[in-house]
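Let me begin by presenting the structure, written as structure tokens, before commenting on it.
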């Protein structure tokens, strides 16, 4: 209908809810838009990471939109989706890394329930988890393993809800991981969710900060490491 060329998307694609990665990639001299990407209200931009071409789709905020794009990616040839969302820190704990590799996400949204029966948590695939958390502990990784609370509306992040999340040992709050992990489990597709910690929820005023360059450099380095570490288990 749109008369686009039939071009497969890259093996690895990134969901960038904030849009900072897309703005960076599209502004580079070698940035290129994927001419065959036809998904609803989005563009895909291409960049080189870990010696391969990676697609980046921006501004798909929230579980329903993220899953819509993930479904389209799978049907277009993508084998691994990496989501990198900004996230607020729950409680007063401090983390040892800029990113949280989300191992489990509290299902406080609606999308995940269209993929899996009701349970409290959506989980990162165990094989992917093992690949991204080497048992020997010799490598300094840009993430720490943790849990998130996935909500579908920021104004639900009330003081009471944050206290409940802290009591469950949750590290961060974000808006996509539970939906994406449920989709991945139900459809047998590989999904990894990273949370880029930007602020401490309900404790400090005006503290939202992704760091230099809106955190783009550190996010690209983290994504590249995920691509490298999952390469043996994600089919080409």
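In the numbering used here, the protein residues as written are 376 to 611. Glycine residues also receive a C-beta, built at the ideal position from the N, C-alpha and C atoms.
Range covered by the alpha helix (DSSP H) that runs through residue i
i: residue 591; result: 591-605
i: residue 373; result: Residue 373 cannot be examined here, being either before or after the span of the chain that is shown, 376 to 611.
i: residue 395; result: 395-402
i: residue 450; result: 438-450
i: residue 413; result: No alpha helix (DSSP H) holds residue 413; DSSP gives it neither H nor E.
Where residue i sits in the DSSP three-state scheme
i: residue 407; result: strand
i: residue 378; result: coil
i: residue 383; result: coil
i: residue 549; result: strand
i: residue 609; result: coil
i: residue 536; result: helix
i: residue 526; result: strand
i: residue 504; result: helix
i: residue 555; result: helix
i: residue 467; result: coil
i: residue 544; result: coil
i: residue 576; result: Any reading at residue 576 needs caution, since the residue's pLDDT is 48, under 50, leaving its predicted position unreliable; the model's value is listed next. Three-state result, residue 576: coil.
i: residue 485; result: coil
Residues sharing a beta bridge with residue i, DSSP
i: residue 570; result: 460 and 475
i: residue 519; result: 475
i: residue 389; result: 431 and 457
i: residue 565; result: 455
i: residue 531; result: Answer is none; residue 531 lacks a bridge partner.
i: residue 480; result: 497 and 523
Span of the beta strand (DSSP E) around residue i
i: residue 424; result: 419-424
i: residue 498; result: 496-498
Distance between beta carbons of residue j and residue i, contact taken as under 8 Å
i: residue 425; j: residue 517; result: No, residue 425 and residue 517 are not in contact; Cβ-Cβ is about 14 Å, not under 8 Å.
i: residue 520; j: residue 549; result: Rounded, the Cβ-Cβ distance is 15 Å, inconsistent with contact.
i: residue 599; j: residue 460; result: Not a contact, Cβ separation roughly 18 Å.
i: residue 523; j: residue 462; result: 7 Å
i: residue 458; j: residue 551; result: 6 Å
i: residue 395; j: residue 567; result: Not a contact, Cβ separation roughly 18 Å.
i: residue 428; j: residue 483; result: Wrong, their Cβ atoms sit about 35 Å apart, outside the cutoff.
i: residue 388; j: residue 453; result: 5 Å
i: residue 464; j: residue 572; result: 5 Å
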